[in-house]
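Just below is one structure, and these are the notes that go with it.
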Amino acid sequence: MRMMAEQSTAFIYENIVKPVLFRFPPDDVHSAMLRMASSVGRSNVLTWGFSRVFTTRHPMLAQTVAGVRFRSPVGVSAGFDKNAETVRVMHSLGYGFMTVGSVTARPCAGNPKPWFHRHPEDKSLSVHVGLANLGSSDVLRTLERNAVYFEGDNFPVILSVAKTNNPETVSSEAAVEDYLTSLRRIKKSSAVQLVELNISCPNTYGGEPFTSPGLLEELLRGVDALKLAQPIFVKMPVNMKWEQFDGLLQVIVRHAVAGVTISNLVKDPKLLAHGRAEGVRGGMSGLPTQKVSNDLIAKTYKKYGKKLDIIGVGGVFTAEDAYAKIRRGAKVVALVTGLIYNGPQLGAQVQRGLVKLLRRDGFSSIEEAVGADIHSTLYTSNNE
Ligand SMILES: Cc1cc2nc3c(=O)[nH]c(=O)nc-3n(C[C@H](O)[C@H](O)[C@H](O)COP(=O)(O)O)c2cc1C
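In terms of numbering that gives the first Met the number 0, the sequence shown has 177 at position 178, counting the first letter as 1, and numbering is strictly consecutive.
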C-alpha cells in the first residue's frame, strides 16, 4: 500500500505536476510551493494522512548521530526552506530530519531576482539567493510554535546559520558577531537539536571569508565560548583542493565541533555537461555536486572518521545515491534538488531502497554500512 502510494505520487509528479511547474519561472514556482506546503502543514488531517502513507519507522534506519537520535538517515538540506514554513509537512512526508535556513542575525532580502535557473539535462539548479531570510529570531519563533508536532519522534531540526548578507558584516569581527548573535538565540531554544554553521555560501558580500583557516579559527573560538548544548556541524565548501579542504578540517577538529556537512554548491559552470547560458549566476546544485561531494566524504571519513560525523549532501536522487554516500562515511544524507526534480515522495522512496540495499549487503543496520567502502579499502591495502 505504501509502495503504491510512493510510486503513484512519483508518477503523477513526473508526468503531470512537473511538466506544468517547469513551464513557469523557477522563482515563482519555489514561492508557490512553499506557500502550498505551509498551508498543507497547517492541516491536521492532511499531515496525519501523509504520515500514514509516507512515514516508515524502520528499525534498521534509526541511529544516533552526535548524541541526537534520528528516526531515518534521509533528510532535507539547507536552502529549501529558509524560514521554517514547511517543517511540519516534511515531517509528515517521512523525512528523517530537516535543515532549516540558512538564517542570519538580521532579516535579509537577498540578491536581486532571479534567484534560480533550471538545468534539467544536468539535474541541477543555479542558485543566487544571497541568504534571503526573515532573520534567526523570527525563524526560531516559528520553529518553537511547531516543535510540539515533532517532540519525541526522533525528527531533529538542524538550523543552518550564516552571516547576514550586507555591507555591515564585511569585517571579520562584525561577521563573527553576526554568527554569534544567532547562536546565542539558538542556545536558549529547545526547538533546534543541531546547528549547521554555513561558512560556504557563495554570492554574498565579502565572499566566503571563513573558508580560510585563520578566520575559521577565529569564528570557532567564539562558538566554543558559547558552550551550546546543541552539537555543531560545519557546512563545507566544495570548490577547493583536498589539501585546502583538509586545512579547514585540521582547524575544525581542534574545536567543539561534532561534524561536517559535505557539501555546498559547486561554482564551476564547466561541471554542467550541457553548459550554462551567459548571464546566469550562482552556485550549482544537484548532479554536478555528486562526485566531488562523494570524494570529499570518503577522504574526510578516512582521515577524521573517528573525530567527525558526516552529513552527506549533493546529488541524491535515488537510494543508490544515498547509499554511496553512506558507504563512503556519511552517517546521514540530505537533499534539495532531488525533491524538486523527483517529487516530495523521494525521501520515502530512498528509505525503502536503503533497507533493500542494506539487506542485500548483509547489514543489519545503517550504522554497519557507514564507511563500509573505506573499511574494505583499508583492509585490502593493509593486507597487500
Ligand atoms: C534552492 C537552493 C537553496 C540553497 N540554499 C542554501 C542555504 O541557504 N544554505 C546552505 O547551506 N546551502 C544551501 N543550498 C545548498 C544545499 O543545501 C546543498 O548543499 C546543495 O544544493 C547540494 O545538494 P542537492 O544536490 O541535494 O541540492 C541551497 C541549494 C538549493 C538548491
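Cβ coordinates follow ideal geometry from the N, Cα and C atoms, glycine included.
Problem set entry | Residues near residue 76 in its chain [Cβ-Cβ closer than 7 Å; skip 5 each side] | Here the question's residue 76 lines up with position 77 in the sequence shown. 98, 312, 333, 334, 335, listed in sequence order.
Problem set entry | Under the three-state DSSP convention, the category residue 144 falls into | The residue labelled residue 144 in the question sits at position 145 within the sequence shown. Note: residue 144 maps to helix in three-state DSSP.
Exercise. Is the CB-CB distance between residue 177 and residue 163 below 7 Å?
Worked result: Here residue 177 corresponds to residue number 178 of the sequence shown, with the count starting at 1. Here residue 163 corresponds to residue number 164 of the sequence shown, with the count starting at 1. In contact: residue 177 and residue 163 (Cβ atoms closer than 7 Å).
Exercise. Based on the DSSP output, what are the partners of residue 197 in its beta bridges?
Worked result: Mapped onto the sequence shown, residue 197 falls at position 198. Assignment of beta-bridge partners to residue 197 by DSSP yields 234.
Exercise. How would you write the range of the beta strand (DSSP E) that residue 333 sits in, first residue to last?
Worked result: The count along the sequence shown starts at 1 and reaches residue 333 at position 334. Counting along the chain, the beta strand (DSSP E) containing residue 333 begins and ends at 331 to 334.
For this session: Give the straight-line distance between the Cα atoms of residue 382 and residue 369, rounded to the nearest whole angstrom.
Result: On the sequence shown, residue 382 is found 383 positions in, with the first residue counted as 1. On the sequence shown, residue 369 is found 370 positions in, with the first residue counted as 1. With a pLDDT of only 45 at residue 382, under the threshold of 50, the placement of this residue in the model should not be trusted; the figure read from the coordinates follows. The alpha-carbon atoms of residue 382 and residue 369 are separated by roughly 21 Å.
Problem set entry | residue 372 versus 304, 337, 314, 348, residue with shortest Cα-Cα distance | Within the sequence shown, the letter at position 373 stands for residue 372. The option with the nearest alpha carbon to residue 372 is 304.
For this session: Could you tell me which residues DSSP puts in a beta bridge with residue 132?
Result: Stepping through the sequence shown from its first residue, residue 132 is reached at position 133. Under DSSP, the beta-bridge partners assigned to residue 132 are 107.
Exercise. Going straight from the alpha carbon of residue 150 to that of residue 315, what length do you get?
Worked result: Residue numbering aside, residue 150 sits at position 151 when the sequence shown is read from its first letter. Residue numbering aside, residue 315 sits at position 316 when the sequence shown is read from its first letter. Annotation: residue 150 to residue 315 spans about 27 Å, alpha carbon to alpha carbon.
Exercise. Hey, is residue 159 close to ligand 1, as in C-beta under 6 Å from one of its heavy atoms?
Worked result: To locate residue 159, count along the sequence shown from 1; it is residue 160. Residue 159 has its CB nearer than 6 Å to a heavy atom of ligand 1.
Exercise. Out of curiosity, what's the CA-to-CA distance linking residue 376 and residue 63?
Worked result: Mapped onto the sequence shown, residue 376 falls at position 377. Mapped onto the sequence shown, residue 63 falls at position 64. Cα to Cα, residue 376 sits roughly 25 Å from residue 63.
Problem set entry | Paired residues, beta bridge with residue 62 - DSSP | Sequence index remark: in the sequence shown, residue 62 carries index 63 (1-based). The beta-bridge partner set that DSSP reports for residue 62 consists of 69.
Exercise. Would the C-beta of residue 77 count as close to ligand 1, meaning under 6 Å from any of its heavy atoms?
Worked result: Here residue 77 refers to the residue found at position 78 when the sequence shown is read from its first residue. Closer than 6 Å to some heavy atom of ligand 1: that describes the Cβ of residue 77.
Exercise. What residues in its chain sit with their C-beta under 7 Å from that of residue 269, if we drop five residues either side in the sequence?
Worked result: Taking the sequence shown and counting its residues from 1, one reaches residue 269 at position 270. Correct list: empty, nothing qualifies.
Problem set entry | Near ligand 1: residue 336 beta-carbon under 6 Å from a heavy atom | As a working mapping, residue 336 is identified with position 337 in the sequence shown. For ligand 1, at least one heavy atom lies less than 6 Å from the Cβ of residue 336.
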